[in-house]
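> Following this message is one structure expressed as structure tokens.
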Amino acid sequence: MNYRGPFRVRADKNMPMPEIEHPEDAIVRVLRSCICGSDLHLYHGLVPDTRVGSTFGHEFIGEVVEVGSSVQKLKVGDRVMVPFNIACGKCAFCRQELYGNCHESNPEATAAGGIFGYSHTAGGYHGGQAEYVRVPYADVSPTVIPDWMDPDDAVLLTDVVPTGYQAAEMGGIQTGDTVVVFGAGPIGIMAAKCAWLFGAGRVILIDQLDYRLEFAEKFAQCEVYNFNFIGDPVVFIKTQTDSLGADVCIDAVGCEAAGSLANTLLGRKLLLQGGSTTALHWAINSVKKGGIVSIVGVYGPTDALVPIGNVLNKGITIRANQASVKRTLPRLIEHVKNGVLNPKEMITHRVPLEEVAEAYHIFSAKRDNCIKPVLIPPSA
């Protein structure tokens, strides 16, 4: 996959074969890769320093075909799931299991760690929407796929499941809590599903696409509402919670949120702030006093208009981060093994890598009831 500018990607058979650049590298032959909702931020031209010639893709699994001289935990032939975080495993933040905040993997920024295929603001690494990919720090994050695991489940454990799970985890959900999730993309749907694992008593999911809401209602067994038909979402949530507000609100949308003309104009059209903050406004204003807002929706590194005064006056706790995939994988693998989570049910489209341009178009335009597309390389 080769990025040629906003709304322009193509399959490129002339991309050079990745090589071992450091003794701790591995080369992985990709078996599955996903298109993520945050890839659409790149595709739409909203992420700074996304350079022509980049290869996207931070959700992928594959087979190890070469290892550097210092790699000890992987061997040629291992089938691995590769978390989207690129983590050194040794810095102050990795030692705290904050693998999404690695201090060594991204020389381009101090805030974000390295991420596969996510612009030069995330380190400039090529991603996994390819036949082969170089994986740095190969002894740290890549995890051998259990023999019993379906590859379609495994690929969703590289981002979607851990991010949705951590979104619920960061909410500090208590038994019986009302949890509201804004955004019925794959992450929001998984966050709603995982909210039950932490003891939620009621889970509400809000979006504007009926096909997504219908899917979420079945997959996550939650209440769903189209914000175009409920009036002011904040007032609606208050009416559902005895005027108190939800115990936990999760922003699973990020910088391309619809629902406010002003935010859309400033954040998505004029690019004067780090994206449209509509969902974040709704979350802050819908949560109860003393409640928790969990943010996993992606925003740009520039300033954004946030009602910080409401955060202060309501005593809200805000928790946000990139998911630390490596930390959560052991538990999530057990949940898949025991049938608690069935990630592959979210996959609606399996597309040959050669047709990547059409796959992006389908996902971006919300065509054909697309929830989650997976790309299959020819060598797979």
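End of the sequence shown = 379 in numbering that gives the first Met the number 0, gap-free, step of one.
The beta carbon of each residue, even a glycine, is placed where N, CA and C say it ideally should be.
#1: So Gly380 and Thr54 are supposed to be a Cβ contact under 8 Å. How far apart are they, rounded?
#2: Taking its Cβ as the centre, do 16 or more other Cβ atoms sit within 10 Å of Ala364, making it buried, or is it exposed?
#3: Can you confirm whether the stretch 88-102 touches the stretch 56-66 when touching is taken to mean that 3 or more C-beta pairs between the two stretches lie within less than 8 Å?
#4: Take every Cβ of the stretch 338-352, pair it with every Cβ of the stretch 300-318, and state whether three or more of those distances are shorter than 8 Å.
#5: When you compare each of Leu374, Asn284, Arg201 and Val295 to Gly308 by their alpha carbons, which one comes out closest?
#6: Taking a contact to mean a Cβ-Cβ separation below 9 Å, would you say Ala129 touches Ile60 in this structure?
#7: Is Ser37 helix, strand or coil by DSSP?
#8: With contact counted as at least three CB pairs below 8 Å, one residue from each stretch, are the stretch 77-89 and the stretch 102-113 in contact?
#9: Can you tell me which of Val286, Gly253 and Ser378 puts its alpha carbon nearest to the alpha carbon of Gly36?
#10: Would you kindly report the start and end of the unbroken alpha helix (DSSP H) that includes Cys193?
#11: On a Cα-Cα basis, can you pick out the residue from Ile332, Pro351, Glu353 and Glu354 that is closest to Arg149?
#12: Could you check if Ser323 belongs to the surroundings of the ligand SAH, using beta carbon to heavy atom distance under 8 Å?
#13: Quick check on His21: buried or exposed, where buried means 16 or more other Cβ atoms within 10 Å of its Cβ?
#14: Determine the DSSP secondary structure at Thr316, reduced to helix, strand or coil.
#15: Determine the direct distance from the alpha carbon of Trp281 to that of Ala256, and round the result to whole angstroms.
#16: Considering Val233, what are the terminal residues of the alpha helix (DSSP H) in which it resides?
#17: List, from N- to C-terminal side, the beta strand (DSSP E) runs of 3 residues or more that fit wholly inside the stretch 142-222.
#18: What's the C-alpha gap between Asp206 and Met80?
#19: Would you decide whether Glu168 is buried or exposed? Buried here means 16 or more other CB atoms lie within 10 Å of its CB.
#20: So, with DSSP's three-state summary, where would you put Glu255?
#21: Using 8 Å as the Cβ pair cut-off and three pairs as the minimum, do the stretch 190-199 and the stretch 212-219 touch?
#22: Just tell me which of Tyr131, Gly4, Tyr224 and Ile172 has its CA closest to the CA of Thr49.
#23: What three-state label does DSSP hand Ser285 in the structure shown?
#24: Quick one: residues in its chain with C-beta nearer than 6 Å to the C-beta of Tyr210, no 5 flanking neighbours on either side, listed in chain order?
#25: Which first and last residues belong to the alpha helix (DSSP H) in which Thr360 is found?
#26: When DSSP builds the beta bridges, which residues end up paired with Met80?
#27: Assign Cys101 to one of three DSSP states: helix, strand, or coil.
#28: Any idea what DSSP makes of Cys369, helix, strand or coil?
#29: So, with DSSP's three-state summary, where would you put Ile291?
#30: With burial defined as no fewer than 16 other Cβ atoms inside 10 Å of the residue's Cβ, what is the status of Phe6: buried or exposed?
#31: For Ala199, which of Gly299, Val180, Gly184 and Glu213 has the nearest alpha-carbon?
#32: Is Leu374 helix, strand or coil by DSSP?
#33: Of the choices Thr177, Arg9 and Tyr2, whose alpha-carbon is the least far from that of Glu357?
#34: Under 9 Å, do Glu107 and Lys89 count as touching if we go by C-beta distance?
#35: Could you please give the first and the last residue of the uninterrupted alpha helix (DSSP H) stretch that includes His334?
#36: Using the three-state DSSP reduction, which class does Tyr42 fall into: helix, strand or coil?
Concretely, from the data shown:
#1: No answer is possible for residue 380: it lies beyond the span of the chain, which begins at 0 and ends at 379.
#2: Exposed, by the Cβ-count rule.
#3: No: fewer than three Cβ pairs fall under 8 Å.
#4: Judged by Cβ distances under 8 Å, the stretch 338-352 makes no contact with the stretch 300-318, as fewer than three pairs qualify.
#5: Cα-wise, what sits closest to Gly308 is Asn284.
#6: No, the pair does not count as a contact, with Cβ atoms beyond the cut-off.
#7: If DSSP states are grouped into helix, strand and coil, Ser37 belongs with the helices.
#8: Short answer: they touch.
#9: Ranking the options by Cα distance to Gly36, first place goes to Gly253.
#10: It spans Pro185 to Ala194 - the alpha helix (DSSP H) in which Cys193 sits, taken as one unbroken run.
#11: The sequence given here places Asp at residue 149; Arg does not occur at that position. Check the Cα spacing between Asp149 and each of Ile332, Pro351, Glu353 and Glu354: the tightest is with Ile332.
#12: Of ligands this structure carries none, so the ligand SAH is not represented either.
#13: Residue burial is scored here from C-beta neighbours: His21 has fewer than 16 other C-beta atoms within 10 angstroms and is therefore classed as exposed.
#14: The answer is strand: DSSP assigns Thr316 an E or B state.
#15: Cα to Cα, the separation comes out at about 11 Å.
#16: For Val233, the enclosing alpha helix (DSSP H) begins and ends at Pro232 to Gln239.
#17: Listed in chain order, the complete beta strand (DSSP E) runs (minimum 3 residues) inside the stretch 142-222 are 177-181 and 201-206.
#18: Going by C-alpha positions, Asp206 is about 30 Å away from Met80.
#19: Under this definition Glu168 is a buried residue.
#20: In the structure shown, Glu255 falls within a strand segment according to DSSP collapsed to helix, strand and coil.
#21: With a cut-off of 8 Å, the stretch 212-219 and the stretch 190-199 count as touching, because enough Cβ pairs lie within range.
#22: If we check each option's Cα against that of Thr49, Gly4 comes out closest.
#23: Note: Ser285 maps to helix in three-state DSSP.
#24: Excluding residues within five positions, the ones whose Cβ falls inside 6 Å are Asn368.
#25: The question names Thr, but residue 360 in the sequence shown is His. Run containing His360: Val355 to Ser363, per the alpha helix (DSSP H) assignment.
#26: In DSSP, Met80 forms a bridge with Ile60 and Thr142.
#27: It is coil, neither helix nor strand.
#28: Residue state, collapsed to three classes: coil.
#29: DSSP places Ile291 in strand when its eight states are reduced to three.
#30: By the neighbour-count definition (other C-beta atoms within 10 Å, threshold 16), Phe6 is an exposed residue.
#31: Closest by alpha carbon: Val180.
#32: If DSSP states are grouped into helix, strand and coil, Leu374 belongs with the strands.
#33: Among Thr177, Arg9 and Tyr2, the Cα nearest to that of Glu357 is on Arg9.
#34: It is not a contact, given that the beta carbons lie outside the stated cut-off.
#35: Per DSSP, His334 belongs to the alpha helix (DSSP H) from Val324 to Lys336.
#36: Of the three classes helix, strand and coil, the one that applies to Tyr42 here is helix, per DSSP.
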